[in-house]
Amino acid sequence: QELDLLNPKVLIPHAIYLNKERPDPQSLSELEILAKSGTSVIHCPLVFARAGQALHSFRRYQAAGINLAMGSDTFPPDMIRVMETGLLAGNLAEGRQDAHQAADMFRAATLGGAKALGRDDLGRLAAGAKADMVIIDLSDYRLGPIEDPIRTLVMMGNGRYVRDVIVDGRTIVKDGQIPGLDVAGMRQQAQAYFEKMRAAYPQRDYQGRSEKTLFPPSFRLNMETR
-16 QELDLLNPKV LIPHAIYLNK ERPDPQSLSE LEILAKSGTS VIHCPLVFAR
34 AGQALHSFRR YQAAGINLAM GSDTFPPDMI RVMETGLLAG NLAEGRQDAH
84 QAADMFRAAT LGGAKALGRD DLGRLAAGAK ADMVIIDLSD YRLGPIEDPI
134 RTLVMMGNGR YVRDVIVDGR TIVKDGQIPG LDVAGMRQQA QAYFEKMRAA
184 YPQRDYQGRS EKTLFPPSFR LNMETR
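FYI, the working numbering numbers position 152 of the sequence shown as 135, with every residue one higher than the one before it.
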């Protein structure tokens, strides 16, 4: 704020360590400062849930008037899982089942992201908006009965149920596949890059831990022969 860096063009990821209380009656809380400046917060619940942390809470930031968008910042970059985790983590943080609704997360993932980018032609199906659409198959038996399309999607779904993706009127994903993309080759490249990154990770670790300590197997194999 003192450096005049907060404005509607600024997007702050995570933002889970903000002070929600006013330091004194004449001052604004950090949430109020963000809301007044028009700065957006990119909520990344999945990566923090894995670390045992959560935004406290989505509802409080929302009530303060802060625009909230959704992000992943981890693998898998699955926006549907991100919405579900945001819903669960938010309710856990509040200790209430009704603190947040699936619609809150869906709105942040669509309209919230569009507002953060300053684009009122994104995130909605409306006259004058870009023809951006995601077609999701909710007929799979693993999703169970459809009580409400949005709640079913957020609470039961994941990215594997995405059938088609249309961006600005152009079909990018068809029947779950990206035409012309060598997915297998990209998968091999990504794995090779990860192995290289993992081997170098101890050099970046401030505690100097070994690769085996940082990336332990889920189960240790006993290869001892009798």
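Every residue gets a Cβ at the ideal spot worked out from N, C-alpha and C, and that includes glycine.
Worksheet item: Are the CB atoms of Val148 and Glu67 nearer to each other than 8 Å?
Response: no
Worksheet item: What is the C-beta distance between Asp104 and Lys113, in whole angstroms, given that I count them as a contact (C-beta under 8 Å)?
Response: 5 Å
Discussion item. Measuring alpha carbon to alpha carbon, tell me which residue in Pro(-9), Glu13 and Leu(-14) is nearest Arg102.
Written reply: Of all alpha-carbon atoms in Pro(-9), Glu13 and Leu(-14), the one lying nearest the alpha-carbon of Arg102 is that of Pro(-9).
Fill in: Pairwise C-alpha distance: Tyr184 and Gln190
11 Å
Worksheet item: Along the chain, where does the beta strand (DSSP E) that runs through Pro(-4) open and close?
Response: Leu(-6) to Pro(-4)
Worksheet item: When burial is assigned at 16 or more other CB atoms within 10 Å of the CB, is Gly152 buried or exposed?
Response: Exposed, since its Cβ has fewer than 16 Cβ neighbours within 10 Å.
Worksheet item: So, using beta-carbon positions, are Gly159 and Val145 closer together than 8 Å?
Response: yes
Practice prompt. Determine contact between the region -8 to 12 and the region 22 to 33, defined as no fewer than three beta-carbon pairs at a distance below 8 Å.
Written response: Touching, per the Cβ criterion.
Worksheet item: According to the Cβ coordinates, are Gly73 and Arg42 closer than 8 Å?
Response: Contact flag set, yes.
Worksheet item: According to DSSP, what are the bridge partners of Leu51?
Response: Val24
Fill in: Pick from Asn205, Lys157, Ala85 and Pro8 that is closest to Val117, judged by C-alpha positions
Lys157
Worksheet item: Got a sec, what are the start and stop residues for the beta strand (DSSP E) Arg43 sits in?
Response: Arg43 -> not in any beta strand (DSSP E); alpha helix (DSSP H) instead, spanning Phe41 to Ala46.
Worksheet entry | Where the alpha helix (DSSP H) through Asp87 begins and ends | Run containing Asp87: Ala85 to Arg90, per the alpha helix (DSSP H) assignment.
Discussion item. Between which two residues does the alpha helix (DSSP H) holding Ile63 run?
Written reply: Met62 to Glu77
Worksheet item: Tell me which same chain residues have a C-beta within less than 6 Å of the C-beta of Gly48, skipping the five on either side of it?
Response: Ala18.
Worksheet item: Which class does Lys179 belong to by DSSP, given the choice of helix, strand or coil?
Response: helix
Worksheet item: Under the three-state reduction of DSSP, which class applies to Lys113: helix, strand or coil?
Response: coil
Discussion item. If I measure Cβ to Cβ from Gly69 and keep anything under 7 Å in the same chain, skipping five residues before and after, which residues do I get?
Written reply: His26, Pro28, Phe41, Met53 and Met88
Fill in: Test item: CB-CB of Ala85 and Arg143 under 8 Å
no
Practice prompt. Please name the residue or residues paired with Val148 in a DSSP beta bridge.
Written response: Val117 and Val156
Fill in: Given Gly78 as reference, the closest of Arg107, Leu38, Thr57 and Thr154 once Cα atoms are compared
Leu38
Practice prompt. Report buried or exposed for Gln45, applying the criterion of at least 16 other Cβ atoms within 10 angstroms of its Cβ.
Written response: With 16 or more neighbouring CB atoms inside 10 Å of its own CB, Gln45 falls in the buried class.
Worksheet item: Is Glu15 helix, strand or coil when you go by DSSP?
Response: helix
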